[in-house]
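Protein chains in written order, with full-length UniProt numbering: chain D, 1 to 652; chain A, 1 to 652. We put the beta carbon where it would ideally sit given N, CA and C, even for glycine. Since we're looking at a predicted model, the values are computed, not measured. Right, one structure below, let's go through it.
Protein chains: 2
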Amino acid sequence: MADVYWLWYPGDFSIHQGMLQNFQREERSMDWPAYWYIDDCNRNVKFTRTYTLNRQTEFQVFARGKGYVDINGSKYPLNQRTTCQPGKNIVTIFIGNPTDLPAIYIQGDVICSNDGWQASNFVDRLPAGYDPLFTRPDQDPNMIKYQTILVQHQKKVTKNNGVLFDFGRAVNGSLHIQTRIAKSITLCYGESETEALDVKNCYYKQENVDRHSSIRKRAFRYVFVPDVSLNDVEVTAVHEYIPKKNNSKFETDNQLINQIWNVSVETLNLCSDVFFIDGIKRDRWIWAGDALQANLMNQYSFFDEEIDKRTLLALRGQDDIKQHINTIVDYSMLWAIGILNHYEMTADLKFLEVIYPKMQKMVDYLIKQTNDNGFIYGRRNDWIFVDWSKMDKQGTVAAEQLFLLQTYRAIITCGQALGKSVDQYQNKFTVLQQHLEHYFWDEDQGAFIDSYESGKHHITRHANILAIIFDLVNDRKKRLILKNVLLNDQITQITTPYFKFFEQDALCQMGEYRAVYQTILDYWGGMLRKGAVTFWEEYDPSQTGAQIYEMYGDPYGKSLCHAWGASPIYLIGRHFIGLVPTKPGYETFKVTPHLDNFDQLHCILPIKNGEVMVDKVDNQLTVTATRDGGVIEISDKMYPLNKDVPVSITVQ
Amino acid sequence: MADVYWLWYPGDFSIHQGMLQNFQREERSMDWPAYWYIDDCNRNVKFTRTYTLNRQTEFQVFARGKGYVDINGSKYPLNQRTTCQPGKNIVTIFIGNPTDLPAIYIQGDVICSNDGWQASNFVDRLPAGYDPLFTRPDQDPNMIKYQTILVQHQKKVTKNNGVLFDFGRAVNGSLHIQTRIAKSITLCYGESETEALDVKNCYYKQENVDRHSSIRKRAFRYVFVPDVSLNDVEVTAVHEYIPKKNNSKFETDNQLINQIWNVSVETLNLCSDVFFIDGIKRDRWIWAGDALQANLMNQYSFFDEEIDKRTLLALRGQDDIKQHINTIVDYSMLWAIGILNHYEMTADLKFLEVIYPKMQKMVDYLIKQTNDNGFIYGRRNDWIFVDWSKMDKQGTVAAEQLFLLQTYRAIITCGQALGKSVDQYQNKFTVLQQHLEHYFWDEDQGAFIDSYESGKHHITRHANILAIIFDLVNDRKKRLILKNVLLNDQITQITTPYFKFFEQDALCQMGEYRAVYQTILDYWGGMLRKGAVTFWEEYDPSQTGAQIYEMYGDPYGKSLCHAWGASPIYLIGRHFIGLVPTKPGYETFKVTPHLDNFDQLHCILPIKNGEVMVDKVDNQLTVTATRDGGVIEISDKMYPLNKDVPVSITVQ
């Protein structure tokens with residue numbers, strides 16, 4: 001933290017903005033706040049730091065909120081230049097803000113809001129929070145300044161006695177309207193043309209619009225204006241975004257996979273401004289399940305640590321736990337697992353210091369709902385989700401135990417990184433793992449069953465997938481699972497892209513690259529063939545016509561720009577390029593390419609403080625990393641990677 | 001609840017407004033937010049009710065916040081007329097509000113926001129909260145509409161090269177300014193003339209004022225405008241207040257005591273708008289100790305149940321406890337004791353239902369910091385206050401144990417009223433009482449000592465006073481305390497009006513009416529002789545000149561309109577008139593007059609749903625009550641009081 005930032009109580013910026021985000025959903029002109037308990041930031045905060053000065057110095061505090069500056073027990077006003085005398089100066093700034101985030105920015109040669117300030121809500125005291133988005137005194141951390149880009153329509157045609165605009169891409173933003181008619185107009189939006197033209201049922205609509213109307217931020221590709229002629233009205237879209245560095249590139253001789261990669265990156269990019277949201281049209285809410293997957297894709301594309309951190313903080317809220325994250329027990333666990341991912345990706349101990357107490361409270365909250373076997377169960381008002389799939393949920397459920405095991409692993413790893421004692425979690429892990437295998441593993445069927453209490457011995461894919469991706473069973477069992485479950489068509493197929501992500505991950509881990517590659521081409525390629533410019537919340541190749549836009553009983557309920565649709569980023573980066581940190585923050589890392597499907601390939605992937613470039617030209621594979629610590633593994637042979645030294649290997 | 005109200009999550013109006021109140025302090029142009037953790041209202045709330053309709057009906061939801069109406073699973077917009085069909089209708093209204101209190105008002109013939117709605121924050125579900133202040137759809141429960149009254153100055157004089165305005169009374173409000181000069185002016189405020197004239201050090205000052213300036217709400221009697229001539233400027237005060245019914249009257253043949261009563265009522269009235277605050281100039285914060293005393297005075301003057309309830313809810317905040325109320329351990333206990341007072345005054349079981357879970361969490365929080373003897377001790381960051389007085393605070397402290405005993409009694413009584421099991425609190429009470437007497441009672445000195453762990457056997461008045469007013473020791477010990485402590489000049493005197501309240505209460509309970517009456521005349525009469533128009537935070541008869549305005553090291557730090565200064569209301573009503581409920585809500589009540597000091601007296605005091613009138617003309621005492629259930633006790637004789645039937649008794 002070399003620079004000067006706006007400061008707040010740690011986590012509060014994300015919690016406050018997260019609340020605003022979860023209030024952003026709109027449906028047919030109605031606001032739809034998320035249906036769970038929502039925290040806000042602290043209202044009353046003090047910031048403290050002690051300076052020992054050699055000479056007199058001046059500073060000025062810019063504040064969002066009301067309060068005062070205290071220097072060694074004397075009060076001074078905010079927003080004025082204040083002088084500190086040589087010697088020891090305890091500077092405390094008290095800020096109350098009844099509506100927004102209490103925040104300060106301190107400008108001064110010596111005394112300024114850089115690293116070293118503590119923030120307190122009068123209960124806990126922690127290093128102050130900050131965000132690279134807010135580094136200037138004229139900013140307001142309560143106002144997200146989006147960058148904007150004008151998007152002209154690519155097509156403008158007369159249709160259904162009105163005018164249809166096609167912007168050719170998914171836009172998340174507002175509109176500029178020019179009309180040459182006296183009457184006001186109606187704006188009908190669509191992620192699809194079908195939706196925009198459906199004046200009655202389209203998800204977003206704004207009526208009585210004239211050039212003075214303020215037009216709400218919405219997500220769309222099409223806008224239809226009914227009851228006007230072609231020259232009556234002109235509409236320009238204003239896309240809003242927070243710029244991210246795209247640290248990745250993926251180009252091969254297969255145009256389809258290239259397009260899948262690019263549309264995936266576009267999809268993830270659109271769903272990741274301040275937070276990872278599920279979709280830009282719907283829900284616009286922050287979900288822990290979706291966020292975990294976005295976090296994994298982010299690692300192979302933008303490598304944006306800030307969105308990770310903001311999302312984890314927003315999901316969790318204030319320290320006291322009122323209910324499970326998004327009311328879903330598994331999502332509380334995926335949140336904790338997300339912290340492990342973030343730590344392994346970044347080795348960010350500073351963030352871990354802030355989040356670990358929250359993680360500990362969450363894990364303790366989970367432990368409180370485990371039984372004598374260590375199995376986690378659902379309580380009244382808890383949602384044991386796992387997936388939209390038929391599952392035998394009588395008594396305790398196998399998939400939840402696998403999430404819990406990985407949660408224990410997450411807190412053990414993170415706790416150890418901070419030098420905390422984690423023996424209790426280690427013990428819980430050991431006991432739970434033994435009981436899981438004893439009660440839920442069905443040796444006759446060679447797979448985990450959903451529930452042992454029901455006596456039905458029913459198998460779904462979910463628990464078995466999790467056992468592989470979290471590496472929670474031995475190789476023998478993994479192979480049994482592959483044969484008896486993953487490659488067994490008798491076991492009900494995964495229908496959601498959410499769990500398909502985990503399934504493809506598991507298949508790759510079991511070496512099924514060919515099958516996964518074909519799935520990517522078929523499933524994601526299938527969406528492209530249907531004209532997708534971003535990937536969808538769900539895709540059923542058998543659906544046709546307006547049917548494909550329906551979901552949750554709503555004719556346009558399906559989100560056509562949904563973060564979890566972008567999973568090819570992760571599958572390609574993690575498994576086909578095979579890049580993975582072997583020590584936190586890529587202190588060491590490995591590249592294990594599986595590129596048989598490509599003759600020509602040029603790929604750049606981010607790592608912490610650097611990047612890895614992989615090129616394949618026919619049989620010649622070349623890997624370059626911009627930092628030390630890497631190794632290439634091909635056919636069980638290891639090739640060390642040194643900073644900026646290309647390593648070329650002939651394959652096959 | 002016969003009428004239609006704005007609804008919110010129960011407690012949230014008070015918590016949100018309480019936060020705003022605790023941000024209202026101003027000192028020398030700086031804002032001074034209260035220095036403790038401050039809760040805000042819930043941000044995301046849903047309201048639910050089921051109607052079974054015989055015929056179609058319409059309703060309209062007015063909302064503060066964003067959201068929608070759900071009827072049997074279908075969504076409808078807010079702020080529009082919506083129709084419900086005959087049959088069962090589950091109506092749910094979802095409201096998110098990122099900055100203010102989420103609230104709704106429902107207008108309709110059948111479906112309206114009267115009694116019967118439930119509110120949920122998605123964690124807990126309780127009967128919705130409401131307040132008689134907000135009964136119309138055009139109101140906003142985020143805006144307190146104060147009534148205003150113009151106050152003309154009583155004197156306007158040239159002084160110190162400026163003009164001094166004396167409004168003759170304490171004003172809490174703004175100013176209207178008219179100037180006949182081009183330059184802007186400075187406003188210097190004072191509760192005293194000395195303060196207003198002290199341009200440099202006065203507590204409130206606003207510079208660069210012209211007729212366009214917005215003038216902040218402040219408390220003052222005097223305004224001084226420096227550097228202007230008599231005809232340059234005209235200032236009118238605009239006093240703001242929330243009207244209360246004054247249900248009391250107290251007139252005797254002694255003009256001084258009459259004035260003490262009236263100034264007490266004026267003082268309490270000024271400090272009681274939405275909440276009981278400590279003082280109108282300083283701090284303007286809500287303190288549990290001050291509030292408990294205001295609650296007791298309120299019972300004998302305004303009998304305003306709403307201020308009681310709002311204050312109790314605001315002090316406590318949201319359910320999870322972060323720290324002791326106002327950071328003071330004793331204040332957490334006084335808060336619980338205040339609930340007992342309120343219940344005995346009102347018998348309001350509906351409020352008890354809302355507050356009891358919060359009370360239980362508070363008592364459990366207190367129990368967590370008791371030791372094996374059941375004694376409560378202070379933890380890090382806890383403030384064991386008791387009073388501004390030298391006290392031996394080594395180890396556990398006697399006064400805190402007496403507060404805790406009364407706290408147990410409070411939860412036992414309130415719990416029993418709701419039919420809850422209170423055995424655990426009963427056991428704690430019994431054990432603590434035994435240990436208190438065993439460890440803290442010093443039979444040699446015939447009094448409670450501060451600390452037994454220090455071995456110093458030091459006696460202060462506080463614990464001994466509390467033992468009497470909470471009726472926690474037998475009569476023999478009470479008499480010993482009276483002789484050895486209360487009437488013993490060797491024991492350090494109480495110096496704060498806060499504990500003087502409890503002391504005078506104890507003296508009355510021990511029959512020392514003559515002494516207390518004299519104290520009232522001397523101490524409160526002393527302030528009147530010094531020109532007080534309201535009673536002060538502290539009064540030391542030996543102080544003179546500007547010295548009397550100094551407190552906490554600030555030359556004008558003393559509040560000259562401080563709620564606890566109004567304690568004669570309670571002492572007169574509770575002890576001299578002797579009116580007390582003997583069953584909650586005055587279902588039965590007793591009048592035990594001690595009026596030897598008065599030859600002529602006309603007094604009206606409120607009771608729940610009625611009033612009691614006491615007249616004394618020479619030796620003829622006449623008591624009338626507007627409801628049944630009363631009894632007069634004089635010289636151990638009982639005279640029943642029936643509704644509206646005057647009872648006359650010849651005394652002495």
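For R43(D), the closest Cβ of chain A is nearer than 8 Å.
Assigned with DSSP and collapsed to three states, W524(D) falls in helix.
The three-state secondary structure of T413(A), taken from DSSP, is helix. In this structure, F59(A) lies away from G18(A), with their beta-carbon atoms at least 8 Å apart. DSSP, read as helix, strand or coil, puts C271(D) in coil.
The Cβ-Cβ distance between I634(D) and P593(D) falls below 8 Å. Taking the Cβ atoms as the reference, E453(A) lies roughly 5 Å from Q394(A), within the contact range of under 8 Å. Only residues of its own chain outside the window of five on either side were considered, and among them P33 have a CB closer than 6 Å to the CB of F23(D), listed in chain order.
Cα atoms of S174(D) and G585(A): separation of roughly 60 Å, rounded to the nearest angstrom. Secondary structure at D308(A): helix, using DSSP grouped into helix, strand and coil. A residue is called buried when at least 16 other Cβ atoms come within 10 angstroms of its Cβ; I481(D) meets this threshold and is buried.
Counting along the chain, M613(D) sits inside the beta strand (DSSP E) bounded by residues G610 to V617. For the UniProt domain "Alpha-rhamnosidase-like N-terminal" (45-204) of chain A, the beta-carbon criterion of a distance under 7 Å to any beta-carbon of chain D is satisfied by K66, G67, Y68, K75, P77, F94, G96, P98, T99, N121, F122 and V123.
Cβ proximity to chain D below 8 Å picks out D320, K322 and Q323 from the stretch 291-324 of chain A. The stretch 252-259 of chain D makes no contact with the stretch 194-208 of chain D; the number of CB pairs closer than 8 Å stays below 3. Here D319(D) is near K361(D), since their CB atoms are less than 8 Å apart. Between the C-alpha atoms of A347(A) and N142(A) there is a straight-line separation of about 29 Å. Excluding its 5 nearest sequence neighbours in each direction, N44(D) has C-beta neighbours in its own chain below 6 Å: G96, listed in chain order. With a threshold of 8 Å between beta carbons, M362(A) makes no contact with chain D. When secondary structure is reduced to three states using DSSP, H16(A) falls in the helix class. Listed as beta-bridge partners of S120(A) by DSSP are K46(A) and R125(A). Residue state for Y68(D) is assigned as strand, using DSSP reduced to three classes. Sequence-distant partners of D304(D) (beyond 5 residues in either direction) whose C-beta falls short of 8 Å from its own C-beta, in its chain, are K244, K245, S272 and N298. The continuous stretches of beta strand (DSSP E) do not include S332(A), which lies in the alpha helix (DSSP H) extending over residues V329 to T346. A check of alpha carbon separations from I520(A) across H575(A), N484(A), N474(A) and L560(A) identifies H575(A) as the nearest. Residue environment analysis places W285(D) among the buried positions, since at least 16 neighbouring C-beta atoms fall within 10 angstroms of its C-beta. Counting C-beta pairs with one atom in each stretch, the stretch 604-612 of chain D and the stretch 623-639 of chain D have three or more that are closer than 8 Å, which means they touch. Under the three-state reduction of DSSP, V151(A) is assigned to strand.
Annotation: Cβ neighbours of W36(D) in chain A (cutoff 7 Å, chain order): F122.
Residues are counted here when their Cβ sits less than 9 Å from a Cβ of chain A; for the stretch 6-31 of chain D these are H16, M19, L20, N22, F23, E27, R28, S29, M30 and D31, given in chain order. The beta-carbon of P33(D) is placed less than 8 Å from the nearest beta-carbon of chain A. Put simply, the backbone Cα of A546(A) is about 12 Å away from that of N201(A). Taken in chain order, the complete alpha helix (DSSP H) segments of 4 residues or longer contained in the stretch 383-460 of chain D are 398-417 and 423-440.
T148(D) and D100(D) have their alpha carbons spaced roughly 24 Å apart. Per DSSP, P357(D) is one residue of the alpha helix (DSSP H) stretching across L349 to I367.
Distance check between K66(D) and each of D387(D), F220(D) and L78(D) places L78(D) closest, using alpha-carbon atoms only.
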